[in-house]
Amino acid sequence: MFMGDKRDCPTYEQITVPLPQPPGVPDLPSQLFFCVDNRFSTSQKTRIRNLIVTIIGFWQQHYVQKAATGISQLASCTNKYAERKLTPMWFRGIPFTSGADALNYAIDVLTFRFRENGFGKVKTFICYSPIEARPMVVAFARTSDNIKGVSLSVKINPIAIDNLVISNLNLTGSLFHAWLHRCGYTHPSKRDIHLLFSR
Numbered sequence: 001m002f003m004g005d006k007r008d009c010p011t012y013e014q015i016t017v018p019l020p021q022p023p024g025v026p027d028l029p030s031q032l033f034f035c036v037d038n039r040f041s042t043s044q045k046t047r048i049r050n051l052i053v054t055i056i057g058f059w060q061q062h063y064v065q066k067a068a069t070g071i072s073q074l075a076s077c078t079n080k081y082a083e084r085k086l087t088p089m090w091f092r093g094i095p096f097t098s099g100a101d102a103l104n105y106a107i108d109v110l111t112f113r114f115r116e117n118g119f120g121k122v123k124t125f126i127c128y129s130p131i132e133a134r135p136m137v138v139a140f141a142r143t144s145d146n147i148k149g150v151s152l153s154v155k156i157n158p159i160a161i162d163n164l165v166i167s168n169l170n171l172t173g174s175l176f177h178a179w180l181h182r183c184g185y186t187h188p189s190k191r192d193i194h195l196l197f198s199r
């Protein structure tokens with residue numbers, strides 16, 4: 001869990017987001033829960049919620065397309081570009097050899113995180129973390145080295161949320177990137193083409 005500066009004594013508002021039930025994905029909760037730092041303005045909270053809804057939309061689309069054609073557009077795109085760091089840091093199985101297989105696994109891990117969230121196994125915090133020196137940095141999170149009991153907690157830069165130069169799609173990508181860190185994915189010191197940078 002991420003917490004703000006103790007001197008600020010942040011309080012949190014819980015928001016709920018409906019979770020669709022895509023084909024072939026059993027045992028899903030009906031909604032997800034996020035504790036959003038009250039230092040965010042109402043408009044910032046709305047934009048953050050919209051980013052979450054957009055990611056869930058891409059998540060649902062992945063499963064719908066996979067059920068219909070065997071591969072989603074997201075997996076197909078990842079298959080073209082992702083070459084390295086295709087598994088979470090805690091992964092001990094046979095390494096994936098294709099970006100598509102790696103993406104399918106990553107989305108399944110995210111689904112597991114959704115289950116833990118929606119069924120109350122973990123609490124997810126959206127923390128207020130302004131970075132004036134880096135106004136284009138949107139969301140960031142610690143990489144988790146655990147398989148279970150991991151929240152999707154992230155820190156979000158309110159300056160970036162208010163920056164109209166940053167498109168909604170880029171904001172969404174940044175939050176998804178941070179969530180992949182919470183799923184256990186890392187990236188090397190140099191900007192290789194791998195799962196976290198293949199979006």
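If you number the sequence shown the way the working numbering does, the last residue is 199 and the count never jumps. No residue lacks a Cβ here, since even glycine has one placed at the ideal position from N, Cα and C. None of the values given here were measured: they were computed from a predicted structure.
- In this model, Leu171 and Phe91 are separated by some 28 Å (Cα to Cα).
- In the DSSP assignment, Pro158 falls outside any beta strand (DSSP E) and within the unbroken alpha helix (DSSP H) covering Pro158 to Ile161.
- For Cys77, the enclosing alpha helix (DSSP H) begins and ends at Gln73 to Tyr81.
- Ala102 sits in a helix when the DSSP states are folded into three classes.
- Rounded to the nearest angstrom, the gap between the Cα atoms of Val64 and Leu110 is 16 Å.
- In terms of Cβ geometry, Leu51 and Gly118 do not form a close pair [threshold 8 Å].
- Looking at the DSSP output, Lys123 bridges to nothing.
- Separation of Gln61 and Pro23 (C-alpha to C-alpha, rounded to the nearest whole angstrom) is 10 Å.
- DSSP places Gln31 outside any alpha helix (DSSP H); the residue lies instead in the beta strand (DSSP E), whose first and last residues are Gln31 to Asp37.
- For Gly120, the number of other beta carbons within 10 angstroms of its own is below 16, and it is reported as exposed.
- Close CB contacts of Gln14 within its chain, under the 8 Å cut and outside five residues either way in sequence, are with Phe33, Phe34, Cys35 and Val36 (chain order).
- Between Val17 and the set Ser129, Ile48 and Tyr81, the nearest pair of CA atoms involves Ile48.
- About 4 Å separates the CB atoms of Lys155 and Ser129; that is less than 8 Å, so the two are in contact.
- Within the same chain, no residue comes within 6 Å of Asn168 by CB-CB distance, once the 5 residues on both sides are set aside.
- Assignment of Val109 by DSSP, reduced to helix, strand and coil, places it in the helix class.
- By the 16-neighbour rule on beta-carbons within 10 angstroms, Cys183 is buried.
- Judged by pairs of C-beta atoms under 8 Å, the region 139–156 does not touch the region 67–79, as fewer than three such pairs exist.
- As the crow flies, the alpha-carbon of Phe114 is around 20 Å from that of Thr46.
- Between the region 121–140 and the region 97–108 there are fewer than three inter-stretch CB-CB distances shorter than 8 Å, so the stretches are not counted as touching.
- Taking 8 Å as the cut-off, the Cβ atoms of Trp179 and Ile107 do not count as close.
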